[in-house]
Amino acid sequence: MTAPGPTALSSPPVPAPPRLARTSAEPGLPSHPLARGALGLAADLPGSLAAGPLALPAAVARHRVTRAEFDALATGNGRRETLVTLRAAQLSKRLLLISMLTEAVRNGPPSTARDCVDEAFRLLAAARRADRPAADRVIMHPPVAAWALRCLRRLRGVIAPAEPLDDDLGYFGGVAAAAATLAHLPYAVPARTRGGELTLPTLGTVLAGDASQWVMVTGAPGGGVTLATPTRTELRGMSATATLWRPAVTTTATTAGEQIDVVVEDADPYRGAGVFVPEPRRPGVARAVSPAAAHAEAWRARLVPAWRVLVEAGDGMAETVRAVTSAIVPLPASWGALASASTADALGAAILAPVDDPVRLASMLVHEARHATLATLLDFAPFLREESEAVYFAPWRRDPRPLGGLLHGAYAFLGIAGFWRERWAAAAGPEAELAAFEFAWCRAAVAEVLGTLRGSGALTELGRQFVAGMAARLDGWRSLTPPPAVADAAGVALADARVRWRLRHARPDDDRIAAWVAEWRAGTHCTQPDPPPVTITPNGDPGAADARRDLARLRFADPPGFGRAISRPGPAVGDPCPATAEGGTLPPAGGQPPAVPTAGDLAFVTGDLRRAAGCYRADLARRADDLSAFAGLALVRASGHGPAARVYRECPEALWALFRDLARAGHADPDEVARWLAYSELAPRGGDAMPRPAAIFVAG
Amino acid sequence: MAVQFPRVGGYIVRVDYGEVHVSTDVSAVQDDDVGDLVDVTGLDLADLALFHGPRWAAARRAILAWVDTPGAGACVFDHPPPPPTTSPPVCHRARGWEADDRAGAL
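Shown next as structure tokens:
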């Protein structure tokens with residue numbers, strides 16, 4: 000016994016049941032008399048319990064998808080029946096997790112927590128017998144999976160959080176109580192409040208003071224939930240008159256007969272699922288009884304138009320989102336206004352910022368649904384051989400990504416490309432231009448990453464086939480030609496991301512750079528001008544926000560705002576390229592601080608490349624480590640012709656490293672350094688041409 | 000290089016009538032269908048804790064491989080790690096904070 004509790008919890012600890020067999024001696028029956036009577040275990044016990052150890056049924060079914068379903072998932076969004084199969088596979092995983100957690104606790108020393116887990120497991124099993132869909136709805140609630148994983152990880156020593164283990168294990172009582180309530184079973188089960196709150200997943204939250212403590216939860220069909228604490232017994236929840244009960248918010252949206260129901264989960268302690276850490280409730284502050292109606296209405300107001308967008312977009316996107324999204328978890332404000340996330344540890348949860356733009360929210364839902372779909376499919380068969388430590392460029396990330404991340408990102412953005420493709424087809428005017436830009440960017444980004452995946456040699460045969468299916472989807476869009484300005488803008492945005500990534504993470508050979516520096520200082524020719532070998536060394540510095548990227552998108556997302564951003568007063572006389580921003584701040588993107596465009600950025604996006612290059616050179620003269628300025632200069636120079644352009648194009652990271660080393664010792668000009676490398680006898684040759692910015696941006 | 004990343008699919012349960020396949024060899028798939036994830040949805044939950052034997056143990060080991068990769072879910076989905084102003088995230092391998100550069104995140 001680890002803590003004083005209600006009378007029932009103070010009874011002598013129940014002996015641990017035999018590991019694999021239970022006999023009529025009832026060593027594992029609930030310790031609480033209410034529980035024993037309420038469950039009617041004599042009738043509820045399956046025959047197998049009395050029969051002793053079980054062997055896995057020889058003919059146990061397996062979750063499988065047909066080849067046609069597999070192909071459909073690779074090339075599209077999957078069929079309704081396929082998504083049902085995927086969801087069932089997740090249920091199997093969670094049932095296994097919960098049973099393994101229970102066994103692990105049962106094998107531990109006697110404790111209140113062990114009693115709780117043991118009784119909660121029995122109650123949950125009984126609830127499944129009484130009403131399987133109802134109980135499974137609770138089991139499939141995303142935070143329940145996150146909770147089970149966390150508990151097992153603690154028990155296996157994988158993680159060691161500071162919170163008491165009892166706080167985690169005691170959550171099981173609420174899970175079982177919720178399932179029993181939905182299954183209309185009478186019950187009594189121990190549970191533990193966290194910070195005074197007891198969560199009944201999918202149902203709501205009960206407030207029971209401020210402390211974490213063991214309680215006995217009882218319920219009856221049609222009645223409320225009663226919490227017995229060491230000092231009092233009180234009707235707390237599931238009642239219109241209960242003042243300390245906050246029901247879970249379920250939001251519904253319907254369009255053209257298509258309906259989606261999601262729980263807006265903002266109270267469950269495991270809703271962060273490792274993605275974020277929920278703020279603990281402050282003692283004395285009754286978050287649990289804060290007005291839920293207004294919260295629900297706010298999310299309903301967001302979801303309804305977003306759902307309409309998804310249904311109207313077609314292509315199975317709404318069906319996919321509905322099949323794999325059962326909860327929306329609001330993100331903390333610190334993540335920014337337009338962020339979203341999801342995790343394999345809590346599939347079914349779309350972790351979202353409160354986005355008011357229905358098109359953006361719809362695209363986020365598609366994005367997370369694609370992640371969830373692929374994660375589930377990967378439970379059926381691996382697509383990668385043993386993950387290596389190699390990391391690669393992913394256009395949607397600043398940091399180097401492993402192949403698993405690339406695969407997930409590509410699948411998600413392929414879905415997003417399809418979303419914008421449908422928007423582009425249906426929209427007109429500026430809205431169509433924005434959709435075309437997003438589509439073009441996604442298509443190009445995914446194509447690049449699919450090439451990386453195919454060239455990695457790490458795909459399994461099924462993985463190769465899946466990637467081939469994704470590529471076929473791209474090929475189907477080959478005939479779609481966005482307006483030239485839009486396509487070029489997307490191409491430059493991608494090139495910008497690529498060169499920034501190289502500057503940030505590609506480390507040229509130190510010896511070669513040192514040799515170059517020595518030759519430069521000696522005033523000789525460069526004797527080894529070929530690009531030096533590089534190693535990818537992840538740079539943890541997040542760097543500044545990318546103003547050029549934000550401006551590129553702002554141009555299509557908010558043309559008037561773009562016009563304002565580029566029409567600031569001109570630079571001060573005598574300084575054509577002031578260090579301070581000319582364009583003010585841009586709208587924040589994805590949680591970063593607002594981007595601040597420089598004079599060079601504004602010149603770049605308006606097509607004044609001569610001025611842009613001059614400004615970037617001036618920026619670099621002031622601060623040689625200005626990555627964004629060097630990337631901008633590289634984009635401008637690489638779009639030109641001649642040997643120096645090839646240096647910028649082929650080995651910008653080496654050029655930048657040499658330039659910075661020289662700048663530390665005194666004046667250095669990047670163009671001069673590039674020419675020095677380019678016009679040596681063995682100047683770099685070949686390489687892919689970068690898009691030409693001059694053809695991309697129109698003058699504002 | 001310091002980057003560590005869990006094997007994608009490392010937690011896969013692929014049970015072919017009790018025999019777990021963790022191989023990535025496609026030959027493990029006997030026909031055109033894909034997948035060997037054991038379907039326990041129709042079984043009694045209480046029974047799951049009572050199964051025994053090497054085959055079942057192998058299936059459980061595969062689940063534990065998933066359990067033993069904390070943070071894999073958050074990382075594998077290619078989302079940005081949390082901003083530095085919050086508590087340290089589970090996803091320790093991620094470095095720094097960045098905006099999600101996706102097309103839909105202007």
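If you read the sequences in order, they're chains A and R. Per numbering that gives the first Met the number 0, residue 0 is the first one in the first sequence, and the count goes up by one each step. Per numbering that gives the first Met the number 0, residue 0 is the first one in the second sequence, and the count goes up by one each step. C-beta atoms are modelled at their ideal positions from N, C-alpha and C, and glycine is treated no differently. A quick note: this is a predicted structure, and the numbers were derived from the prediction, not measured.
Beta-bridge pairing of residue i - partner residues as DSSP gives them
i	result
M215 (chain A)	A:P189 and A:A227
H716 (chain A)	Residue 716 (chain A) is absent from the model: chain A starts at 0 and stops at 699.
D260 (chain A)	A:T251
I350 (chain A)	A:V328 and A:A340
A505 (chain A)	A:I535
T204 (chain A)	A:T198 and A:R245
L164 (chain A)	DSSP, once it has assigned bridges, lists no residue as partnering L164 (chain A).
Y391 (chain A)	A:R400
A383 (chain A)	For the record, residue 383 (chain A) in the displayed sequence is Leu; it is not Ala. Answer by DSSP bridge pairing, in chain order: A:L458.
Buried/exposed call for residue i, threshold 16 Cβ in 10 Å
i	result
N106 (chain A)	exposed
H640 (chain A)	exposed
R384 (chain A)	buried
S478 (chain A)	exposed
T523 (chain A)	exposed
R155 (chain A)	exposed
P651 (chain A)	buried
R127 (chain A)	buried
D618 (chain A)	buried
P160 (chain A)	exposed
Q258 (chain A)	exposed
V83 (chain A)	exposed
S566 (chain A)	exposed
T459 (chain A)	buried
E68 (chain A)	buried
R93 (chain A)	buried
T526 (chain A)	exposed
G490 (chain A)	buried
G77 (chain A)	buried
Selected residue, minimal CA-CA separation from residue i, among the options
i	options	result
P196 (chain A)	A:A187, A:G172 and A:D209	The residue you asked about is not Pro; residue 196 (chain A) is Glu in the sequence shown. Residue A:D209 is the option with its Cα nearest to E196 (chain A).
E118 (chain A)	A:T217, A:R86, A:I158 and A:P163	A:T217
R152 (chain A)	A:M99, A:R499 and A:G347	A:M99
A781 (chain A)	A:V595, A:D624 and A:A630	In the structure as shown, chain A starts at 0 and stops at 699, and residue 781 (chain A) therefore has no counterpart that could be examined.
H140 (chain A)	A:V445, A:S325 and A:L82	A:S325
A133 (chain A)	A:A182, A:C150 and A:D167	A:A182
R663 (chain A)	A:V516, A:F603, A:Q464 and A:A643	A:V516
H366 (chain A)	A:L337, A:D260 and A:G456	A:L337
P109 (chain A)	A:D165, A:G315, A:E278 and A:A159	A:D165
Y170 (chain A)	A:A159, A:T230 and A:P268	A:P268
G700 (chain A)	A:V143, A:A179, A:G313 and A:F392	Since the first and last residues shown for chain A are 0 and 699, residue 700 (chain A) lies out of range.
R397 (chain A)	A:L461, A:A521 and A:D540	A:D540
E296 (chain A)	A:Y615, A:V263 and A:V646	A:V263
V104 (chain A)	A:L168, A:S91, A:W146 and A:H62	A:L168
G335 (chain A)	A:A322, A:L346, A:R321 and A:A352	A:A352
A361 (chain A)	A:A300, A:L405, A:A409 and A:A190	A:A300
R369 (chain A)	A:E318, A:S333, A:F392 and A:R463	A:E318
T228 (chain A)	A:V248, A:P246, A:P220 and A:A207	A:A207
Proximal chain C residues relative to residue i, where beta-carbon distance stays under 7 Å
i	result
M215 (chain A)	Among the protein chains in the structure shown, which are A and R, there is no chain C.
Checklist entry - What residues from the stretch 440–472 of chain A come within 7 Å of chain R, judged by C-beta to C-beta, listed N to C? => result For the stretch 440–472 of chain A, the set of residues with a beta-carbon nearer than 7 Å to any beta-carbon of chain R comprises W440, C441, T459, E460 and L461, in chain order.
Item to check | the stretch 62–87 of chain A: positions lying closer than 9 Å to chain R by Cβ | outcome: Answer in chain order: H62, R63, V64, T65, R66, A67, E68, F69, T84 and A87.
Item to check | Interfacial residues, the stretch 369–380 of chain A to chain R, with Cβ spacing under 7 Å | outcome: In summary, the residues of the stretch 369–380 of chain A whose CB is separated from some CB of chain R by less than 7 Å are H370, L377, D378, F379 and A380, in the order they occur in the chain.
Item to check | Against chain R: residues of the stretch 130–159 of chain A by CB proximity under 7 Å | outcome: Listed by position, the residues of the stretch 130–159 of chain A near chain R (Cβ gap below 7 Å) are L148, L151, R152, R155, V157 and I158.
Checklist entry - Taking any Cβ of chain R, which residues in the stretch 312–323 of chain A have a Cβ under 9 Å from it, in chain order? => result Of all residues in the stretch 312–323 of chain A, none has a Cβ within less than 9 Å of some Cβ in chain R.
Next on the checklist: Can you pull out the residues from the stretch 157–191 of chain A whose beta carbon lies closer than 9 Å to at least one beta carbon of chain R?
Outcome noted: Result list: V157 and I158.
Checklist entry - What residues in the stretch 111–129 of chain A have a beta carbon less than 8 Å from any beta carbon of chain R? => result Answer in chain order: F120, R121, L123, A124, R127 and R128.
Next on the checklist: At a CB distance below 8 Å, what residues from the stretch 616–650 of chain A approach chain R? Give them in sequence order.
Outcome noted: The stretch 616–650 of chain A vs chain R, Cβ under 8 Å: nothing.
Item to check | Every unbroken alpha helix (DSSP H) inside the stretch 481–531 of chain A [4 residues or more] | outcome: Within the stretch 481–531 of chain A, the complete alpha helix (DSSP H) runs of at least 4 residues are 483–504 and 509–521.
Item to check | Against chain R: residues of the stretch 201–230 of chain A by CB proximity under 9 Å | outcome: Along the stretch 201–230 of chain A, there is no position whose C-beta sits under 9 Å from a C-beta of chain R.
Checklist entry - Name the residues in the stretch 91–102 of chain A whose C-beta lies less than 8 Å from a C-beta of chain R; which are they? => result Per Cβ criterion, the list reads S91, K92, L94, L95, L96, I97, S98, M99, T101 and E102.
Item to check | Secondary structure, alpha helix (DSSP H): runs of 4+ residues fully inside the stretch 402–486 of chain A | outcome: Within the stretch 402–486 of chain A, complete alpha helix (DSSP H) segments of at least 4 residues are found at 402–425, 429–455 and 460–474, given in chain order.
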